[in-house]
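Quick note on numbering: the UniProt record's numbering labels position 65 of the sequence shown as 65, and the sequence is numbered without any gaps. A virtual CB, placed ideally from N, CA and C, is assigned to each residue, including glycine.
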Amino acid sequence: MPPVLALDGPSGSGKGTIGQICALKFGWHYLDSGAIYRGLAWLANSKSVAADDVAGLVALAESMSLVCHVQTDDVAQIEINGRIVTDDLRTEETGEMASKIAPLGSVRAALLAMQRRCRRTPGLVADGRDMGTVVFPDAEFKVFLTASAEIRAQRRFDQLKSKGFDVNLARLLESIQARDVRDSSRAESPLKPADDAYVLDTSALSIDEVVACIMDHVNQR
Ligand code: C5P
C-alpha cells in the first residue's frame, strides 16, 4: 500500500495550506476530504436536497465525481461533475450544510470508498477530520493540527476577504465554534486526534514553521 500522511484538525487549523505544501514537497497526491463533504453540500443545496433527506444525499454522493487539482501557489482547485467550483465550496453557506450532512453515517459510508481510492503511488497527503482514525487508520504518519478558535476565525476571515467575500469576523467565530462542537460531539467519526497522532498547536506558528515541524516528524520515523 502507498504511504499516507493523515492530517486532521478543526476548521481553519491550516490543514489545507499545509497539506498541499507537504504533498508538493513529497511529490505525493493530495486529498482535501473537506472538499468532498463541501462538494456534496454544494450539490445538495444547488439541487434542493434537504439536509435530512438521507436517501437523496446518498444518491447524490454515489453519482458525484470530484477531482482535486493541486496548485503550486494557491488553494487546490476542486472540480465537481466537470465544473470548477472551488469558490462556491468555501462559502459559509456550503460549510454550514457540510457540517450538517457530515454526521450522517450512511452519507459518510457512501463517501468512504471515494476517499480510499485516492491512496495511490507514490503516496498521499490526506486532510480532514477522520483521516487518521477512520479513513486511513493504518497511515504511516498522523498529524493533528490545532489552533485557538479566535486565530482560526481570523485566518478564515483573511482568506475569504482576500477573495472578495463580504465577511464578518464575529459571525465567523461563532460559526467556527458551533462547527467545532458539532464535529467533535457527533457519534460518527468525531473530530479527535488518533491515539498515535503527533498533535501540533499552530496558533503561534507560521506556515513555514508548521511545515518544518511536520517534515522533522516524518523524517524522524
Ligand atoms: O475542512 P472543511 O472545513 O472544509 O470541512 C467542511 C465540513 O466537512 C466540516 O465542518 C466537517 O463537518 C466535514 N468533514 C468531515 N470529515 C472530513 C472532512 C470534513 O466530517 N474528513
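For ligand 1, residues qualifying as neighbours are Ser11, Ser33, Gly34, Tyr37, Arg38, Gly95, Ala98, Ser99, Ala102, Gly128, Arg129, Asp130, Arg179, Asp183, where qualification means a beta carbon closer than 6 Å to at least one of its heavy atoms (chain order). Gly128 is bridged by DSSP to Asp8. Closest in C-alpha terms to Val181, from the list Thr202, Gln115, Ser99, comes Ser99. Annotated three-state conformation of Arg186 is coil, per DSSP.
Taken through DSSP and simplified to helix, strand or coil, Thr202 comes out as coil.
Minimum Cα-Cα distance from Val58 among the listed residues Ser106, Arg119, Ala126, Leu7 corresponds to Ser106.
At the C-beta level, Arg119 and Val210 stay beyond 8 Å of one another. Out of Leu205, Ser33, Ile101, the CA that lies nearest to the CA of Arg116 is found in Ser33. The C-alpha of Lys47 lies about 10 Å from the C-alpha of Ala41.
Counting along the chain, Thr94 sits inside the alpha helix (DSSP H) bounded by residues 92-101. Counting other Cβ atoms within 10 Å of its Cβ, Gln220 stays below 16 and is therefore classed as exposed. In this structure, Asp201 and Leu191 do not form a Cβ contact; the two beta carbons are roughly 15 Å apart against a cut-off of 8 Å.
For a cut-off of 8 Å, the C-beta gap from Leu145 to Lys15 is around 6 Å, short enough to register as a contact. Ranked by Cα distance from Ser189, the first of His69, Thr94, Val135, Ser65 is Val135. Sequence-distant partners of Leu89 (beyond 5 residues in either direction) whose C-beta falls short of 7 Å from its own C-beta, in its chain, are Ala35, Arg38, Gly39, Trp42, Ile78. Cβ atoms of Ser175 and Glu93 stay farther apart than 8 Å, at about 10 Å. Nearest neighbour of Ala110 by Cα position, chosen from Gly56, Lys142, Ala149, turns out to be Gly56.
Taking C-beta separations shorter than 7 Å and ignoring five residues to either side along the sequence, the partners of Trp28 in its chain run Pro122, Gly123, Leu124, Val125, following chain order. Pairing Asp158 with Pro137, the inter-Cα distance amounts to about 33 Å. Taking each of Ala197, Gly12, Arg186 in turn and checking the Cα distance to Pro103, the smallest one comes out for Arg186. For Glu79, the uninterrupted beta strand (DSSP E) segment begins and ends at 77-80.
No Cβ-Cβ contact shorter than 8 Å links Ile207 with Thr86.
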